[in-house]
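In terms of the UniProt record's numbering, the sequence shown opens at residue 1 and continues consecutively.
From the three backbone atoms N, C-alpha and C, an ideal C-beta is built for every residue, glycine too.
Working notes, beginning with the structure itself.
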Amino acid sequence: MGKESKSGGCLGWLLAIVILALVVGAIVYAVKQKIDHANDNKPSPVPGPPGAIDKKYADALKIAMQFFDIQKSGKLVNNKISWRGDSGLKDGSEANLDLSKGMYDAGDHMKFGFPMAFTATVLSWAILEYGDQMAAVNQLEPAQQSLKWITDFLINAHPKDNVLYIQVGDPDLDHKCWERPENMKEKRPLTQVNITVPGTEVAAETAAAMASASLVFKTSDSTYSSTLLKHAKQLFNFADKYPASYSENIPEVATYYNSTGYGDELLWAASWLYHATGDRSYLDYATGENGKQFASWGSPTWFSWDNKNAGTQVLLSRLSLFGAKGVSGNSGLGNYRSSAEGVMCGLLPKSPSATSSRTDGGLVWISDWNALQHPVASAFLAALYSDYMLTSQTAKITCGDHSFKPSDLRKFAKSQADYVLGKNPLKMSFLVGYGDKYPQYVHHRGASIPADATTGCTDGFKWLDSTQPNPNVAVGGLVGGPFLNETYIDSRNNSMQAEPTTYNSALIVGLLSSLVTTSSAVKSFT
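What follows is the structure, encoded as structure tokens:
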């Protein structure tokens, strides 16, 4: 009996200890959950001035910025590209205009006003948001100079209130030639929109470009800034008063830059004009009936040269996040912000509403043609929204039953940038000139032909078909990118994957500028 009693006592004590341990563990777990929940609702610290530089993104930004110099038309000033020279000097002469500046669209020698204006708007946005971070790596001045090269062209392309020249060159003729831009001798006809043949998308996008650029130059060159703003207002009025699709009125432009609608450009332009002027009528335009009709609230879209809705949603979100004066109670702004968060939820890989359209390596993938435009544009918006959240002390966004912090958005943005820079199954950088392995057969006329070669329109095709790598490196060009199966065919004849575009450069410059370092977002552009 004594032994059994002793054994039973030990078992009792052991059982008591186990129960006590479970109780203590449950209490610790509950306390930890409560602390974690509290931390989820606690905003992350607001960044200060630009901090430590991330060398990888800084180096990539310096490379990406150079492609703008490669694409310049006109009489070059302080030319840094050894194989480029003056070109397009007579562009615009048939209308007694100087349209020699601006930038060539891609690997050809066309000046398409619609995507060129988008390039200027995005580059302006990047400078306004991340100019301090660009300056930290000596890239602010090059960005401003490249922007002005485009806006100088846009000003000259708008000689009258309701006339805008939207294209220089004949794409069919241009694409039948393979030559250096410096050697062009073909006719360069002009295309315009006007009251008789209106084109709302291109007029509104150009208004957005000029309004945003007016903010960039407001301090450094107030006269130039005022000129840009005057043109922006005139073009917006033209676009709004004569609503019509440019690609329906001028069918030949649809082959290259077909617009799927003009409402998004009107909202985009009105939003930029509100930021540039503070005139409440522009905000009311974007958030009232036009917003209901064109903004696609609650239906996330992809930001691109064709569709600006996601960009407008993020741009207008800064007003509610930063508590801008005079906008409280504007229900339309709330719709823009909730729609912007819907866009973010679609990007975050662990979100219940995350897009399934990704490569196995994690790249958002939407299109065979120029596949990198959408992930880079999306990552740029994610970086912006992350910084808005940090600066406004917004702890999280909610996606279904999940919540995400600003750091989650920044992590996504970095994942897309890193993929572009070589963290992919091919272990290849899609940014020409960055890293040890990048495309060698870029679809680009100037890069493919030796600088000392003399070619006419058609005999230059031997350089297109050459089996040798390009003699000139199109430094900073962001090529189209991989297929969904993460293959890439490095061939000059593969324009689907191997052709860089100027608007891609604006997007990658914006993304890399956001990642160079961290700093608080500017609460107002003025």
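Under the rule that 16 or more other beta-carbon atoms within 10 Å means buried, what is glutamate 94, buried or exposed? Working through the sequence shown from its first residue, we reach residue 94 at position 94. The residue in question, glutamate 94, is exposed, as its Cβ has fewer than 16 Cβ neighbours within 10 Å.
Rounded C-beta distance between leucine 512 and alanine 417? I'm assuming under 8 Å. For the purposes of this step, residue 512 is taken as residue 512 along the sequence shown, with counting starting at 1. For the purposes of this step, residue 417 is taken as residue 417 along the sequence shown, with counting starting at 1. In this structure leucine 512 is in contact with alanine 417, their Cβ atoms being roughly 7 Å apart against a cut-off of 8 Å.
I'd like to confirm the pairing. Which residues does DSSP put opposite cysteine 345 in its beta bridges? Here residue 345 refers to the residue found at position 345 of the sequence shown. Its beta-bridge partners do not exist; DSSP assigns none.
Let me know the secondary structure DSSP gives tyrosine 130 once reduced to three states. Indexing the sequence shown from 1 puts residue 130 at position 130. Of the three classes helix, strand and coil, the one that applies to tyrosine 130 here is helix, per DSSP.
In the DSSP assignment, what residue or residues form a beta bridge with threonine 398? Here residue 398 refers to the residue found at position 398 of the sequence shown. Partner(s): Ser403.
Is the beta carbon of alanine 106 less than 8 Å from the beta carbon of valine 202? Counting from 1 along the sequence shown, the entry for residue 106 is found at position 106. Counting from 1 along the sequence shown, the entry for residue 202 is found at position 202. Taking 8 Å as the cut-off, the Cβ atoms of alanine 106 and valine 202 do not count as close.
What do you get for proline 243, buried or exposed, if any count of 16 or more other CB atoms within 10 angstroms of its CB means buried? As a working note, residue 243 is residue 243 in the sequence shown. It counts as exposed.
Just checking my contact of glutamine 66 with threonine 502 at CB under 8 Å: how many whole Å lie between their CB atoms? Locating residue 66 in the sequence shown gives position 66, where the first residue counts as 1. Locating residue 502 in the sequence shown gives position 502, where the first residue counts as 1. Cβ-Cβ separation between glutamine 66 and threonine 502: approximately 12 Å, too far for a contact (criterion under 8 Å).
In angstroms with no decimal places, state the Cα-to-Cα distance between phenylalanine 525 and isoleucine 53. Counted from its first residue, the sequence shown places residue 525 at position 525. Counted from its first residue, the sequence shown places residue 53 at position 53. Straight-line Cα distance between these residues: approximately 24 Å.
Can you tell me the Cα-Cα spacing of isoleucine 397 and lysine 405, whole angstroms? Here the question's residue 397 lines up with position 397 in the sequence shown. Here the question's residue 405 lines up with position 405 in the sequence shown. Cα to Cα, isoleucine 397 sits roughly 7 Å from lysine 405.
Can the beta-carbon of cysteine 177 be found less than 8 Å from the beta-carbon of threonine 467? Within the sequence shown, numbered from 1, the residue matching residue 177 stands at position 177. Within the sequence shown, numbered from 1, the residue matching residue 467 stands at position 467. Cβ distance not < 8 Å, so cysteine 177 and threonine 467 don't count as in contact.
What's the call for glutamine 313, buried or exposed, on a 16-neighbour Cβ count within 10 Å? Within the sequence shown, residue 313 is the residue found at index 313, counting from 1. Buried: at least 16 other Cβ atoms inside 10 Å.
Restricting to Cα atoms, I'd like to know which of Met389, Gly400, Leu421, Leu431 is closest to lysine 42. As a position in the sequence shown, residue 42 is number 42, starting the count at 1. For lysine 42, the nearest C-alpha among the options comes from Met389.
Which full runs of the alpha helix (DSSP H) of 4+ residues lie inside the stretch 183–269, going along the chain? DSSP assignment within the stretch 183–269 yields the following whole alpha helix (DSSP H) runs of 4 residues or more, N-terminal first: 200–216, 222–241, 246–249, 254–257.
Is it right to say arginine 280 is buried, meaning 16 or more other beta carbons lie within 10 angstroms of its own, or is it exposed? Taking the first residue of the sequence shown as 1, we reach residue 280 at position 280. Around the beta carbon of arginine 280, a 10 Å sphere encloses fewer than 16 other beta carbons of the protein chains shown; the residue is thus reported as exposed.
Quick check on the burial criterion: 16 or more other C-beta atoms within 10 angstroms. Buried or exposed for aspartate 408? Along the sequence shown, one-based indexing puts residue 408 at 408. Burial call: buried.
Close Cβ partners of tyrosine 57 (< 6 Å) along its chain, the five nearest in sequence each way excluded: As a first step, residue 57 must be located in the sequence shown, where it is residue number 57. Cβ within range, chain order: Leu512, Leu515, Val516.
What does the alpha-carbon distance come out to for the pair serine 386 and leucine 97? Within the sequence shown, residue 386 is the residue found at index 386, counting from 1. Within the sequence shown, residue 97 is the residue found at index 97, counting from 1. So the alpha carbons of these two residues sit roughly 43 Å apart.
CB of alanine 295 within 8 Å of CB of leucine 381, strictly: By 1-based counting over the sequence shown, the position of residue 295 is 295. By 1-based counting over the sequence shown, the position of residue 381 is 381. Taking 8 Å as the Cβ cut-off, alanine 295 and leucine 381 do not qualify as a contacting pair.
Using a Cβ-Cβ cutoff of less than 7 Å, which residues in the same chain neighbour alanine 60 once the five nearest sequence positions on both sides are dropped? In the sequence shown, counting from the first residue as 1, residue 60 sits at position 60. Contacts found: Leu421, Leu431, Tyr434, Leu512.
In this structure, how does DSSP classify isoleucine 155 when only helix, strand and coil are distinguished? Within the sequence shown, numbered from 1, the residue matching residue 155 stands at position 155. Helix at isoleucine 155.
Between leucine 347 and phenylalanine 303, which are expected to be in contact by the criterion C-beta below 8 Å, what is the C-beta distance as a whole number of angstroms? Residue numbering aside, residue 347 sits at position 347 when the sequence shown is read from its first letter. Residue numbering aside, residue 303 sits at position 303 when the sequence shown is read from its first letter. Not confirmed; about 11 Å, so no contact.
Please report how far the alpha carbon of glycine 85 lies from the alpha carbon of isoleucine 449, in whole angstroms. For this step, residue 85 is matched to residue 85 along the sequence shown. For this step, residue 449 is matched to residue 449 along the sequence shown. Their Cα atoms are separated by approximately 13 Å.
What's the C-alpha gap between alanine 506 and glycine 400? Position 506 of the sequence shown holds residue 506. Position 400 of the sequence shown holds residue 400. Put simply, the backbone Cα of alanine 506 is about 33 Å away from that of glycine 400.
Alpha helix (DSSP H) segment containing lysine 376, residue limits: For the purposes of this step, residue 376 is taken as the residue at position 376 of the sequence shown. For clarity, residue 376 is valine in the given sequence; the question names lysine instead. Element bounds for valine 376: 373–391.
Which ranges would you report for the alpha helix (DSSP H) in the stretch 401–486 if only whole runs of at least 4 residues count? Runs of the alpha helix (DSSP H) spanning 4 or more residues and lying entirely within the stretch 401–486 occur at 406–420, 445–448, 461–464, in chain order.
In this structure, does DSSP put tyrosine 282 in helix, strand or coil? Locating residue 282 in the sequence shown gives position 282, counting from the first residue. Three-state DSSP puts tyrosine 282 in a helix.
Would you report the Cα separation of alanine 38 and histidine 402, rounded to the nearest angstrom? If you number the sequence shown from 1, residue 38 lands on position 38. If you number the sequence shown from 1, residue 402 lands on position 402. Below a pLDDT of 50, predicted positions are generally treated as unreliable, and alanine 38, at 48, falls in that range; the measurement from the model is reported next regardless. Distance from the CA of alanine 38 to the CA of histidine 402, rounded to the nearest whole angstrom, comes to 15 Å.
Secondary structure at methionine 65, three-state DSSP: helix, strand or coil? As a position in the sequence shown, residue 65 is number 65, starting the count at 1. DSSP places methionine 65 in coil when its eight states are reduced to three.
Reduced DSSP category for valine 509 - H, G, I as helix; E, B as strand; rest coil: To locate residue 509, count along the sequence shown from 1; it is residue 509. Three-state DSSP puts valine 509 in a helix.
From the DSSP output, in three-state form, read off valine 31 for me. Position 31 of the sequence shown, counting from 1, holds the residue named residue 31. Confidence is the limiting factor: at valine 31 the pLDDT is only 46, short of 50, which leaves the residue's position unreliable, though a coordinate-based value still follows. The answer is helix: DSSP assigns valine 31 an H, G or I state.
Going by beta-carbon coordinates alone, are glutamine 192 and valine 163 separated by less than 8 Å? Numbered from its first residue, the sequence shown carries residue 192 at position 192. Numbered from its first residue, the sequence shown carries residue 163 at position 163. In terms of Cβ geometry, glutamine 192 and valine 163 form a close pair [threshold 8 Å].
Beta-carbon proximity of serine 378 to valine 364, cut-off 8 Å: Within the sequence shown, numbered from 1, the residue matching residue 378 stands at position 378. Within the sequence shown, numbered from 1, the residue matching residue 364 stands at position 364. For serine 378 and valine 364, yes; Cβs fall inside 8 Å.
Own chain, CB closer than 6 Å to valine 343, minus 5 neighbours either side, in chain order: Residue numbering aside, residue 343 sits at position 343 when the sequence shown is read from its first letter. Pro300, Ala310, listed in sequence order.
What do you get for alanine 254, buried or exposed, if any count of 16 or more other CB atoms within 10 angstroms of its CB means buried? Counting from one through the sequence shown, the residue named residue 254 turns up at place 254. Alanine 254 comes out exposed.
According to DSSP, simplified to helix, strand and coil, what is tyrosine 274? By one-based count along the sequence shown, residue 274 stands at place 274. Three-state result, tyrosine 274: helix.
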